[in-house]
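**Q** One line per chain: the protein sequences are A and B, in this order.
Add 1 to a position in the first sequence, counting from 1, and you land on the number used in the working numbering.
Add 178 to a position in the second sequence, counting from 1, and you land on the number used in the working numbering.
C-beta: ideal position from N, C-alpha, C; glycine also.
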Amino acid sequence: MVERLLDSMISGPSAKRFYTLFALALITACSSREVIVDGSFPTPLVDPVPVSLGVVFTPEFREHQLVDDATGRGEVSWSVSTGVAQVQFWSTLLPAFFQNVVFIESYDDLETYDVDAVFVPEIADVQYAIPLYTNVKVYEIWMRYRLRLVEPEQLKDNDKKTLSLDNMQPFAEWPLTAYGKTPTAFMQSDSDAVNLAAVMALRDAGAHFITSFGRVPGVMGWLENPEESQ
Amino acid sequence: MLGGCVTASVDEMTFDAPTAGMRDGSLVVLGRRHAPDYDTEPDFIDCIGGHISRGSESIYVIPEQQFVDSLYPWFEPRTAPLSIESVGRLMVLPTVAGKLQELNVSYMVWIDGRTQETNSSGSMTCGVGPTGAGCFGFGTWGTESEYEATIWNFADGAEVGKMSALTSGQSYMPAVVVPIPIIAPVQDTACESLGTQLLQYFSAGS
């Protein structure tokens, strides 16, 4: 049997089949899983907060990626890119939650648009868990944000005529946590399940943001008089 | 595919069934997703909704995802009302009250539960060679489904019933070259049992 197996590895069409199967098994066992989070996000059903808000998505936010290199642990490595989905999600949520929203990309935008404050979201941490690690048949994603509201003037570098986040002093800064999970399902791959858990985590972030925004210290006073300097 | 045996038990405690039928309103079947270690499976919720829709043309069941999306973020795991009294707090929001009126929701059915494997034993060996592939051995595993449905009447603002279904079964997989799965349709039986009970409740009077 072993001899026939070795023979098949050396020559003939079955050798190609064997090598292909072996290579595929090896690739599956050792390769990393890459997930680019993709989903559709509903527009929230809310009465808009009567303020005019600028929004800055930093390059780190737009390109956020969770990388877990598990080669040292002998496990599959994971890369979960959430940046595109983050921008898509917050770009759907914010214009529905606030009366007027402008996406700020440059110094000129800050000069052009008259906004009450600028919102700067930052992803502080993202973690994941799959059934292999937890023995619970759910895939999980945790997200922790650092959210900031800042006066527009503080983002202007008037000397260089650029948009700068270096010296900003937010009048409101708060953490926001979000959690998403999805159960194991027949014929569902690990990658699909992690994607779905990430989409659920983003939805949870929106639910948490909407239900807690008015109670954030610094925000309450601002909402009473948004046009007055903080 | 062959089927294994399943045992099922259903409990029901309901009152105030819709005596005029469901012609004037719609219902939505939703899964509970706030437990830390499990989620009520979305496909089980679809199965229950489909069972009720197919059973009576006069009952319109709003698909779960459509309902949750149209009322986002008020029916997410973090925000979903856990009692009919909490719905009153949601109805204070004009946009939510308006949307529920637009959807014409008369009843809301919450399903909480899961299907899980209870035990497994046996062993199977499979091999691949240049002349072919094959398996030899025997495996068996048990599966249990436990679901509870809670019915809320929107018009009366009251909980009007609870139903539960508990099903279990044993699946087998003997293999002599080719594995032959004999699967016990445990979750399907739970869906049929609970779906039939709900259908009877909502069809009362029609």
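#1: Any chance you could list the beta strand (DSSP E) runs of at least 3 consecutive residues sitting entirely within the region 230-288 of chain B, in chain order?
#2: Please go through the same chain and pick out, in chain order, the residues whose beta-carbon is closer than 8 Å to the beta-carbon of B/T257, but skip the five residues on each side of it.
#3: Give, in chain order, every unbroken run of the beta strand (DSSP E) that is at least 3 residues long and sits entirely within the region 131-213 of chain A.
#4: Going by DSSP, what residue range makes up the alpha helix (DSSP H) through A/G222?
#5: Measure the C-alpha to C-alpha separation of B/F332 and B/E263 and round it to an integer number of angstroms.
#6: Would you say A/L46 and B/K277 are within 7 Å of each other, going by their C-beta atoms?
#7: I want to verify the contact list: residues of chain B whose CB lies under 8 Å from the CB of A/D205, in sequence order.
#8: Using 7 Å as the threshold, is the C-beta distance between B/R292 and B/Y216 below it?
#9: What residues from chain B crowd round A/H209, counting only those whose CB sits closer than 7 Å?
#10: Looking only at its chain, what residues have a beta carbon closer than 8 Å to the beta carbon of B/V356, apart from the 5 residues adjacent to it on each side?
#11: As a quick exercise: from B/F253, B/V287, B/M302, pick the residue whose alpha carbon is nearest that of B/Y379.
#12: Over the uninterrupted beta strand (DSSP E) stretch that includes B/L205, give me the two end residues.
#13: Between which residues of its own chain and B/V207 is the CB-CB distance below 7 Å, once the five residues before and five after are set aside?
#14: Is there at least one Cβ from chain A nearer than 7 Å to B/Y250's Cβ?
#15: For B/E219, which residues in chain A fall below 8 Å Cβ to Cβ?
#16: Report the residues of the region 31-48 of chain A with a CB closer than 9 Å to any CB of chain B, ordered along the chain.
#17: Does the Cβ of A/A173 have 16 or more other Cβ atoms within 10 Å, making it buried, or fewer, making it exposed?
#18: For A/F90 and A/G207, which I take to be in contact (beta-carbon distance under 8 Å), what is that distance rounded to the nearest angstrom?
#19: Using only CA atoms, which one of B/D366, B/S261, B/A213 lies nearest to B/I329?
#20: Quick check on B/S371: does DSSP put it in helix, strand or coil?
#21: How far does the alpha helix (DSSP H) with A/A86 in it reach, from first residue to last?
#22: Run through chain A and tell me which residues come within less than 7 Å of B/T273, C-beta to C-beta.
#23: I'd like to know if A/V137 contacts chain B, where contact means its C-beta is closer than 7 Å to some C-beta of that chain.
#24: Counting only beta-carbon separations shorter than 7 Å, does B/D247 have a partner in chain A?
#25: When DSSP labels each residue in this structure, what does A/L46 get in the three-state scheme?
#26: Using a Cβ-Cβ cutoff of less than 7 Å, which residues in the same chain neighbour A/S33 once the five nearest sequence positions on both sides are dropped?
#27: Measuring only the C-alpha atoms, how far is B/A336 from B/G181?
#28: Quick one: what's got a C-beta closer than 6 Å to B/S231's C-beta in the same chain, skipping five residues either side?
#29: Per DSSP, A/S107 forms a beta bridge with which residues?
#30: DSSP on A/V119, reduced to helix/strand/coil?
#31: Give me the residue from A/V36, A/R63, A/S92, A/Y146 with the minimum Cα distance to A/L54.
#32: Is B/D215 close to chain A? Criterion is C-beta to C-beta, closer than 7 Å.
#33: Are A/A194 and A/T178 closer than 7 Å when you measure CB to CB?
#34: If B/Y325 and B/L372 are in contact, beta carbons under 8 Å, what's the gap, nearest whole angstrom?
#35: Could you work out which residue in A/E152, A/Y129, A/M221 is closest to A/Y140 when comparing CA atoms only?
#36: Along chain B, which residues have their Cβ under 8 Å away from the Cβ of A/V212?
**A** Straight from the coordinates:
#1: 238-240
#2: In the second sequence, the residue the question calls residue 257 of chain B occupies position 79. Answer for B/T257: P251, listed in chain order.
#3: 139-151, 173-184
#4: Against the first sequence, residue 222 of chain A aligns to sequence position 221. Its alpha helix (DSSP H) spans residues 220-225.
#5: Taking the first residue of the second sequence as position 1, residue 332 of chain B is located at position 154. Taking the first residue of the second sequence as position 1, residue 263 of chain B is located at position 85. Going by the C-alpha atoms only, they are around 11 Å apart.
#6: Translated into the one-based positions of the first sequence, residue 46 of chain A becomes position 45. Translated into the one-based positions of the second sequence, residue 277 of chain B becomes position 99. Taking 7 Å as the Cβ cut-off, A/L46 and B/K277 qualify as a contacting pair.
#7: Translated into the one-based positions of the first sequence, residue 205 of chain A becomes position 204. The answer, in chain order, is E254, P255, R256.
#8: Start at 1 with the first residue of the second sequence, and residue 292 of chain B comes out as number 114. Start at 1 with the first residue of the second sequence, and residue 216 of chain B comes out as number 38. Cβ distance < 7 Å, so B/R292 and B/Y216 count as in contact.
#9: In the first sequence, counting from the first residue as 1, residue 209 of chain A sits at position 208. Ordered by position in chain B, the residues that pass the 7 Å Cβ test against A/H209 are R256.
#10: Your numbering for residue 356 of chain B matches position 178 in the second sequence. The residues are G312, C313.
#11: In the second sequence, counting from the first residue as 1, residue 379 of chain B sits at position 201. Answer by Cα proximity: B/V287.
#12: Here residue 205 of chain B corresponds to residue number 27 of the second sequence, with the count starting at 1. B/L205 -> beta strand (DSSP E) spans 204-209.
#13: Taking the second sequence and counting its residues from 1, the one referred to as residue 207 of chain B is at position 29. Excluding positions up to five away in sequence, the list reads I223, I226, G227, V239, E242, V287, I289.
#14: By 1-based counting over the second sequence, the position of residue 250 of chain B is 72. Taking Cβ atoms only, chain A reaches closer than 7 Å to B/Y250, which makes this a yes.
#15: As a working mapping, residue 219 of chain B is identified with position 41 in the second sequence. Ordered by position in chain A, the residues that pass the 8 Å Cβ test against B/E219 are P184, A186.
#16: S41, F42, P43, T44, P45, L46, V47, D48
#17: The residue labelled residue 173 of chain A in the question sits at position 172 within the first sequence. Buried.
#18: Here the question's residue 90 of chain A lines up with position 89 in the first sequence. Here the question's residue 207 of chain A lines up with position 206 in the first sequence. Yes, A/F90 and A/G207 are in contact; Cβ-Cβ is about 7 Å, under 8 Å.
#19: Locating residue 329 of chain B in the second sequence gives position 151, counting from the first residue. For the residues B/D366, B/S261, B/A213, the minimum Cα distance to B/I329 belongs to B/S261.
#20: To locate residue 371 of chain B, count along the second sequence from 1; it is residue 193. In the structure shown, B/S371 sits in a helix (DSSP, three-state: H, G or I).
#21: Along the first sequence, read from residue 1 onward, the residue named residue 86 of chain A stands at position 85. Per DSSP, A/A86 belongs to the alpha helix (DSSP H) from 84-98.
#22: Indexing the second sequence from 1 puts residue 273 of chain B at position 95. Result: L46, V47, D48.
#23: By 1-based counting over the first sequence, the position of residue 137 of chain A is 136. So yes, A/V137 belongs to the interface.
#24: One-based indexing of the second sequence puts residue 247 of chain B at position 69. So, interface residue.
#25: Taking the first residue of the first sequence as 1, we reach residue 46 of chain A at position 45. Coil.
#26: By one-based count along the first sequence, residue 33 of chain A stands at place 32. Here the set comprises V77, S78, W79, S80.
#27: As a working mapping, residue 336 of chain B is identified with position 158 in the second sequence. As a working mapping, residue 181 of chain B is identified with position 3 in the second sequence. Their backbone Cα atoms lie some 41 Å apart in a straight line.
#28: For this step, residue 231 of chain B is matched to residue 53 along the second sequence. Excluding positions up to five away in sequence, the list reads V239.
#29: Numbered from its first residue, the first sequence carries residue 107 of chain A at position 106. Answer is none; A/S107 lacks a bridge partner.
#30: Here residue 119 of chain A is taken as the residue at index 118 of the first sequence, counted from 1. Looking at A/V119 - three-state DSSP - the assignment turns out to be strand.
#31: Locating residue 54 of chain A in the first sequence gives position 53, counting from the first residue. For A/L54, the nearest C-alpha among the options comes from A/S92.
#32: By one-based count along the second sequence, residue 215 of chain B stands at place 37. It does: the Cβ of B/D215 has a partner Cβ on chain A nearer than 7 Å.
#33: Start at 1 with the first residue of the first sequence, and residue 194 of chain A comes out as number 193. Start at 1 with the first residue of the first sequence, and residue 178 of chain A comes out as number 177. No, they are not a contact pair.
#34: Looking up residue 325 of chain B in the second sequence gives position 147. Looking up residue 372 of chain B in the second sequence gives position 194. About 6 Å; that satisfies the 8 Å criterion.
#35: Indexing the first sequence from 1 puts residue 140 of chain A at position 139. That would be A/Y129, whose Cα lies nearest to the Cα of A/Y140.
#36: Translated into positions along the first sequence, residue 212 of chain A becomes position 211. The amino acid at residue 212 of chain A is misidentified as Val; the sequence shows Thr. Going along chain B in sequence order, the residues near A/T212 (Cβ under 8 Å) are P251, R256, T257.
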